[in-house]
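**Student:**
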DNA sequence: GCGACAG
DNA sequence: ATCTTGTCGC
């Protein structure tokens with residue numbers, strides 16, 4: 109897979125913010141039938157120990173068999189600082205590299221991070237969706253933007269994530285009595301479908317299976333040879 | 001001006 | 001993201 113929209117990544121912070129405002133205009137929130145989704149992509153990233161580069165892991169998980177069908181890892185130089193709201197500029201260069209290795213294009217991608225639940229409406233999940241023009245949504249482990257009431261403690265409970273009087277995502281309890289995850293649309297999908305998919309991909313862990321697997325895979329970054337056994 | 005602040 | 005032990009609970 110290759111990005112359809114290409115732009116510079118070595119930008120100053122003000123330039124990056126302006127680019128986000130432009131790209132935010134291209135974000136599409138549209139209905140997507142959950143029954144048409146079988147191959148679910150999962151993406152997660154992590155910096156190298158020496159902080160000189162960033163690794164990105166991509167997995168493809170079959171929601172029918174509930175098994176991993178493909179996985180890859182890649183890296184790219186780390187050039188951008190961590191600034192809340194500008195995570196895309198640190199991680200997407202590595203994501204572009206793993207995407208190049210994907211053989212079977214997934215029906216949708218779940219990205220570790222936020223979608224439109226972002227100060228300018230374009231978190232990393234939305235940014236990836238826009239430049240690759242594929243369905244994506246974000247599943248973050250903590251809050252970046254918005255307000256919410258804690259959802260009930262039972263698995264499957266949800267509570268709307270709000271900002272400026274609008275619903276920008278859902279806070280979802282994927283496991284009973286465990287901290288919830290923050291789901292927001294990225295591109296070419298609707299919140300209801302993203303929410304239902306998150307719940308149907310979860311159960312064993314706090315994170316939905318695709319993201320959980322990508323998380324475990326990227327954690328093996330520096331030793332990428334002994335991973336196969338431990339992952340399957 | 002004072003907090004908040006994905007990974 | 002990462003530095004970190006034991007411990008509580010399903």
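In this note's numbering, the protein residues as written are 109 to 340.
Note that CB positions come from ideal geometry on N, CA and C, so glycine has one too.
1) Using only the alpha-carbon positions, how far apart do residue 382 and residue 258 sit?
2) Taking the alpha-carbon positions, what's the residue 324 to residue 316 distance?
3) Quick one: give me the first and last residue of the alpha helix (DSSP H) that residue 326 is part of.
4) Within 10 angstroms of the Cβ of residue 260, are there 16 or more other Cβ atoms? Answer buried if so, exposed if not.
5) Helix, strand or coil for residue 330 per DSSP?
6) Let me know if residue 192 comes out buried or exposed under the rule of 16 or more other beta-carbons within 10 Å of its beta-carbon.
7) Would you report the Cα separation of residue 116 and residue 187, rounded to the nearest angstrom?
8) Following the continuous alpha helix (DSSP H) through residue 161, name the residue where it begins and the one where it ends.
9) Taking 7 Å as the limit between beta carbons, can you name the residues of its chain near residue 155, skipping five residues before and five after?
10) With a CB to CB cut of under 8 Å and the five nearest residues on each side skipped, what residues in its chain are close to residue 330?
11) Which residue or residues does DSSP assign as beta-bridge partners of residue 296?
12) Classify residue 176 as helix, strand or coil using the three-state DSSP reduction.
13) If contacts are defined as beta-carbon pairs under 8 Å, then residue 216 and residue 112 qualify, I think. What distance do you get, rounded to the angstrom?
14) Between which two residues does the beta strand (DSSP E) containing residue 240 stretch?
15) With a threshold of 8 Å, are at least 3 pairs of Cβ atoms found where one atom belongs to the region 283–294 and the other to the region 304–311?
16) Taking residue 298 as the reference, give the member of 224, 176, 127, 228 with the closest Cα.
17) Quick check on DSSP: helix, strand or coil for residue 305?
**Tutor:** Reading it off the structure:
1) Only positions 109 to 340 of the chain appear in the structure, and residue 382 is not among them; the question remains open.
2) The C-alpha of residue 324 lies about 12 Å from the C-alpha of residue 316.
3) For residue 326, the enclosing alpha helix (DSSP H) starts and ends at 317–327.
4) The residue in question, residue 260, is exposed, as its Cβ has fewer than 16 Cβ neighbours within 10 Å.
5) Reduced to three states, the DSSP call for residue 330 is coil.
6) Exposed, by the Cβ-count rule.
7) Roughly 12 Å separates the two Cα atoms.
8) The continuous stretches of alpha helix (DSSP H) do not include residue 161, which lies in the beta strand (DSSP E) extending over residues 161–170.
9) These residues qualify, in order along the chain: 162, 186.
10) If we look at residue 330 and ignore the five residues flanking it on each side, its Cβ neighbours are 156, 157.
11) Per DSSP, none; premise fails for residue 296.
12) Residue 176 falls in the strand class under three-state DSSP.
13) Contact between residue 216 and residue 112 is ruled out by a C-beta separation of about 17 Å, above the 8 Å threshold.
14) No beta strand (DSSP E) contains residue 240, which is instead part of the alpha helix (DSSP H) from 232–240.
15) Touching, per the Cβ criterion.
16) It is 224 whose Cα lies nearest to the Cα of residue 298.
17) DSSP places residue 305 in helix when its eight states are reduced to three.
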